[in-house]
Structures are given as C-alpha cells and as structure tokens.
Amino acid sequence: MRQVRQSSPSLPLARPCHAASKASAIGVPKGFFSRGALKGPLTMLQERIREIEEEIRRTPYNKASQKHIGKLKARLAKLREDARGRRRGGRTDDIRKAGNATVALVGLPSVGKSTLLNQITETSSNVGSYDFTTLRAVPGMLEHRGARIQVLDLPGLTWGASRGRGRGREVLSKVRIADLLLLMIDVERSDLSTLASELAASGIRVNEDPPRLSLTRRDRGGITVSFVTLPQAMEEDTVREIMSEFGIVNAELAVMERLTPERLIDFLAGNRVYVPGIVVLNKVDLITQAEVERRLTELRGWTVLPISAKEAWGLKELLEVVYSRLSLMRVYLRPPGGKASAQEPLVVKEGAKVSDVCRVIHGDMAKDFRHAKVWGQSAKFPGQRVGIDHRLEEGDRITIVTGIGGR
Ligand SMILES: Nc1nc2c(ncn2[C@@H]2O[C@H](COP(=O)(O)OP(=O)(O)OP(=O)(O)O)[C@@H](O)[C@H]2O)c(=O)[nH]1
Ligand SMILES: [Mg+2]
Numbered sequence: 050m051r052q053v054r055q056s057s058p059s060l061p062l063a064r065p066c067h068a069a070s071k072a073s074a075i076g077v078p079k080g081f082f083s084r085g086a087l088k089g090p091l092t093m094l095q096e097r098i099r100e101i102e103e104e105i106r107r108t109p110y111n112k113a114s115q116k117h118i119g120k121l122k123a124r125l126a127k128l129r130e131d132a133r134g135r136r137r138g139g140r141t142d143d144i145r146k147a148g149n150a151t152v153a154l155v156g157l158p159s160v161g162k163s164t165l166l167n168q169i170t171e172t173s174s175n176v177g178s179y180d181f182t183t184l185r186a187v188p189g190m191l192e193h194r195g196a197r198i199q200v201l202d203l204p205g206l207t208w209g210a211s212r213g214r215g216r217g218r219e220v221l222s223k224v225r226i227a228d229l230l231l232l233m234i235d236v237e238r239s240d241l242s243t244l245a246s247e248l249a250a251s252g253i254r255v256n257e258d259p260p261r262l263s264l265t266r267r268d269r270g271g272i273t274v275s276f277v278t279l280p281q282a283m284e285e286d287t288v289r290e291i292m293s294e295f296g297i298v299n300a301e302l303a304v305m306e307r308l309t310p311e312r313l314i315d316f317l318a319g320n321r322v323y324v325p326g327i328v329v330l331n332k333v334d335l336i337t338q339a340e341v342e343r344r345l346t347e348l349r350g351w352t353v354l355p356i357s358a359k360e361a362w363g364l365k366e367l368l369e370v371v372y373s374r375l376s377l378m379r380v381y382l383r384p385p386g387g388k389a390s391a392q393e394p395l396v397v398k399e400g401a402k403v404s405d406v407c408r409v410i411h412g413d414m415a416k417d418f419r420h421a422k423v424w425g426q427s428a429k430f431p432g433q434r435v436g437i438d439h440r441l442e443e444g445d446r447i448t449i450v451t452g453i454g455g456r
C-alpha cells in the first residue's frame with residue numbers, strides 16, 4: 050500500500066522539553082513548543098474534530114441550542130473536509146467514463162463483485178477466495194437494450210475506507226463518477242451499515258435528492274432567508290449561522306424543502322454526490338428460498354436483487370433493473386428526406402431534449418441547428434417541427450436539420 054500519511058512527527062520525547070527550555074532563552078513565546086505545536090496538522094485536525102463531536106453529543110438539542118449546534122455541525126463538516134484533503138494522495142487509476150452510463154460495484158471484500166463483472170461483461174477480473182483480490186478498478190462494458198453500460202469492478206471497501214484505509218479513497222473516488230451504485234452484499238456478509246456509513250462519510254448520498262435550495266449572492270444587505278416550504282423545523286437564525294460559517298455574508302437563500310442542518314451543510318459544501326443505488330444480494334445458491342425471503346424482509350426499504358453470480362442466477366432481472374434505474378431512453382435518427390429510421394438506437398438520458406441528441410451526435414451540431422422533425426410519443430402529430438429545447442420520449446424518431454445540410 051503506497052499511502053502518503055501526515056502523522057505526528059515521531060520525535061524523541063526528550064526533544065520538546067529541550068526545545069522548550071531553549072525557547073525562553075531566545076524569546077520564543079511561551080507554549081510555542083507545547084506538545085500541540087509538534088503534532089502534525091492532521092492529528093490536530095482530528096483532535097479538533099473529536100472535540101466538536103463530543104460537544105455536539107453533550108449539548109441537548111432544543112430551540113435555544115439549535116443555532117449553536119448548527120454552527121458546530123458546519124464547523125465539523127469543514128474540518129472533516131479539510132482532514133480528507135490532507136490525507137489525499139495514494140494512487141488513483143485514471144478511469145474515464147465510457148458508454149451511455151457508468152455503474153459501480155461497491156461492497157465489502159469477497160462478496161463476489163469480480164465474479165459478477167466477469168458474468169455480465171466480456172472483461173476478466175481476478176476472482177479469489179481471499180479478501181482484497183481486486184487491487185485496482187477494473188472497467189468492463191455490457192450492452193443491454195441498445196445501451197452500452199460501463200461497469201466498474203472496485204477493490205473491496207472496508208470500515209475506515211473514507212479515512213483512507215485499504216484502497217478506500219481510490220474506491221470512493223471511482224464511486225463518485227458512477228450514475229448508479231450496485232451495493233453488493235452476500236449471504237454471509239449481509240450488513241449494509243459499513244458500506245452506507247463509509248459512503249456517507251465521503252460525501253456520497255445514496256438514493257437522496259439534492260437539496261432544493263437556491264442561493265443568490267449579493268453585494269450587500271446581509272443574509273435573507275425565504276422559506277417557500279412550510280412549516281420548517283429550522284430557525285432562520287440557525288440557517289444564517291451555518292451560512293456565515295461558510296463565509297457567506299450577503300446572500301438570499303430560498304428554501305423549497307423541509308430543511309435540516311445536514312442538508313444545508315451538504316448544499317453549501319457543494320461537493321456532495323447524489324447517486325441512486327440498489328442492493329445486490331449475492332451467493333443465494335448457498336441458502337434456501339425461505340432464507341432468501343427472510344433476507345429480503347430485513348432489507349425492506351431497499352430495492353434488492355437476489356443473485357448467484359457464480360451460477361448466473363437472477364442476472365437478467367438485475368440487468369433490467371439496472372437499465373430502468375439508469376433512466377435511459379432510446380431515440381432513432383431518421384436522415385433528412387429519408388423514410389426509414391436507423392436500426393441502431395441512440396441512447397440518451399430520460400427527459401433528454403433535442404439539444405442532448407445533437408450533443409451525442411456531434412459537439413458542434415447544436416450551433417448549426419435549424420429545426421428538427423419528430424415522430425413518436427413526444428410529437429403532437431407525425432413529423433411535427435420542433436425546436437432545440439423540445440423534450441423527447443422513449444422510441445421517438447427524429448430528423449435534425451442543420452444550416453449546413455438541407456433546409
Ligand atoms: N457460492 C458462491 N460463491 C461465489 C459467488 N460469487 C462469488 N463467489 C466466490 O466468492 C469468492 C470471492 O469472489 P470475488 O468475485 O473475487 O469477490 P470480490 O468481491 O471481487 O472480492 P475482492 O476483490 O477481494 O473485494 C470466490 O471464491 C468466488 O468463487 C456465488 O454466487 N456463489
Ligand atoms: Mg474483486
């Protein structure tokens with residue numbers, strides 16, 4: 050493991066005393082050579098984090114303390130961010146997104162991530178009966194319903210990953226590029242809590258909508274908050290306090306949801322990732338059907354796909370759910386003047402506009418765009434003439450007319 054760590058320097062204990070005695074002689078302020086001054090910045094950050102966590106735990110939550118706790122939570126989030134930044138380093142493989150969407154396999158070691166990748170793609174990733182067989186991200190590609198879906202097999206995630214244990218940070222940075230997470234567990238390691246807490250600690254929000262807030266910065270006037278959604282549990286003062294912790298002095302914040310300090314902090318921190326996730330329960334070949342049912346009940350609230358990667362059970366169902374969760378749709382191009390549409394679909398995100406299709410075909414196409422003609426669900430009548438902002442629907446056929454081509 051090649052990890053750059055910034056821990057406290059391992060100086061012999063006698064050294065600080067020696068330095069301190071010299072300090073008074075050369076006029077260095079008293080206390081400069083205290084133990085704290087010799088600690089690495091990361092250790093000091095961690096101590097500060099623990100202190101604030103403790104203070105939050107100790108302070109009873111009520112109307113009077115809400116503002117103070119809000120401030121502490123904001124401070125804590127920033128310190129944690131800082132600590133994460135300092136720990137950065139280690140190797141990150143340069144994996145680019147490819148295909149129409151990217152799916153990441155995330156799970157504890159040995160749950161069968163590589164076995165699954167090998168089953169659903171042409172790629173071959175090492176499989177082993179020991180933990181941490183996969184040491185770096187392995188990308189594969191699968192095709193389903195005309196969509197090319199990139200699948201990332203990642204090293205096993207463990208407790209402490211968000212703080213850099215194992216290949217934690219590398220794994221979590223790959224997770225951030227995914228459009229969908231397959232949270233993989235197996236019948237022996239079926240606990241989701243480690244996974245969930247490591248993802249949460251590194252700013253990855255699974256199955257959560259981004260905060261519905263809108264911030265407009267101003268030159269003066271302080272902070273104004275308008276609660277569009279009512280009732281609210283958070284006081285306006287608490288909102289202001291948290292915002293000022295983030296250095297915001299003049300701004301207008303519109304709140305369109307029932308706000309919590311955590312959601313506001315996530316919004317202000319700005320680097321959170323909101324990604325859908327489904328649970329894949331692997332190795333069901335090792336348990337009875339009744340036991341599978343029991344596990345599904347335990348995981349109520351999640352979409353769970355029971356599979357056996359080894360025996361190739363449940364893989365078709367899994368791919369269907371992956372495809373639908375990725376919210377993709379197919380549109381077919383019809384050349385200007387031509388009658389038939391292309392056989393091969395163009396895969397775009399659900400709700401895509403004509404402009405998105407232009408972008409997929411060619412980066413500059415939108416610039417030369419004149420109009421489009423649409424046949425299918427989104428058209429009022431076959432061949433309706435539409436503009437670049439027209440929203441398309443599954444199975445639509447479309448002709449794009451540019452300034453360079455025919456008019
Ligand atoms: N019985 C059974 N064993 C499986 C299944 N899937 C994987 N295994 C076994 O589980 C072990 C671990 O499989 P891997 O695919 O290497 O697991 P991994 O999650 O990629 O592990 P790491 O790379 O170490 O994180 C191997 O011995 C596999 O043969 C399954 O569906 N059923
Ligand atoms: Mg593996």
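To get the numbering used here, take the position in the sequence shown, counting from 1, and add 49. Ideal Cβ positions, reconstructed from N, Cα and C, are used throughout, including at glycine.
Around the beta carbon of Met378, 16 or more other beta carbons lie within 10 angstroms, which makes this residue buried. For Tyr372, there is no enclosing beta strand (DSSP E); the enclosing alpha helix (DSSP H) covers residues Leu364 to Arg374. Within the stretch 276-352, the complete alpha helix (DSSP H) runs of at least 4 residues fall at 285-294, 310-318 and 338-347. Each of Glu290, Leu367 and Leu165 was checked against the Cα of Ala358, and the nearest Cα belongs to Leu165. Inclusion of Leu375 and Leu354 in the CB contact set at 9 Å is not warranted, their separation being larger than that value. Counting only runs of at least 4 residues, the stretch 113-191 fully encloses the following alpha helix (DSSP H) elements, listed from N- to C-terminal order: 115-136 and 162-169. In summary, Arg197 is exposed, with fewer than 16 beta-carbon neighbours lying within 10 Å of its beta-carbon over all protein chains present. Here Ser251 is actually not in contact with Ala303; their C-beta atoms are around 29 Å apart, not less than 8 Å. A residue is called buried when at least 16 other Cβ atoms come within 10 angstroms of its Cβ; Val277 does not meet this threshold and is exposed. Remark: the C-beta of Lys162 is in contact range of ligand 2, defined as less than 8 Å to any heavy atom. When DSSP states are grouped into helix, strand and coil, Lys416 belongs to the helix group. Bounds of the alpha helix (DSSP H) holding Thr243 are Ser242 to Ala250. Pro158 and Trp208 have their C-alpha atoms roughly 11 Å apart. Bounds of the alpha helix (DSSP H) holding Thr92 are Pro90 to Arg107.
Contact annotation: the stretch 227-238 touches the stretch 320-340, with at least three C-beta pairs closer than 8 Å.
Asn331 has its CB no nearer than 8 Å to any heavy atom of ligand 2. Secondary structure at Arg266: strand, using DSSP grouped into helix, strand and coil. The C-beta separation of Glu104 from Leu121 comes to about 6 Å, placing the pair in contact by the 8 Å criterion.
By the Cβ-count criterion, Ala421 is buried, with 16 or more other Cβ atoms from all chains shown falling within 10 Å of its own Cβ.
Here the C-alpha atom of Leu308 lies approximately 39 Å from the C-alpha atom of Leu395.
Between the stretch 395-409 and the stretch 435-442, the count of Cβ pairs shorter than 8 Å is three or higher; the stretches touch. Taking 9 Å as the cut-off, the beta carbon of Val200 is found closer than this to the beta carbon of Ala153. A Cβ-Cβ distance of about 5 Å is found for the pair Val450 and Arg419, placing them in contact under the 8 Å criterion. Burial state of Phe430 is exposed, judged by a 10 Å Cβ sphere holding fewer than 16 other Cβ atoms. Put simply, the stretch 281-291 does not touch the stretch 221-229. Fewer than three CB pairs are less than 8 Å apart. Contact between Glu442 and Gly425 holds: their C-beta atoms lie close to 6 Å from each other, under 8 Å. Sequence-distant partners of Tyr323 (beyond 5 residues in either direction) whose C-beta falls short of 8 Å from its own C-beta, in its chain, are Arg254, Glu257, Asp258 and Pro259.
In this structure, the beta-carbon distance from Arg269 to Asn299 falls below 9 Å. Nearest to Met190 by alpha-carbon distance, out of Ser174, Leu184 and Pro204, is Ser174. If you look at Lys223, you'll find it isn't in any beta strand (DSSP E); it sits in the alpha helix (DSSP H) that goes Gly217 to Val224. For Val380, the uninterrupted beta strand (DSSP E) run begins and ends at Leu377 to Leu382, by DSSP. Going by DSSP, Arg197 is part of the beta strand (DSSP E) stretching over Ala196 to Asp202. Around the CB of Lys162, 16 or more other CB atoms lie within 10 Å, so the residue is classed as buried.
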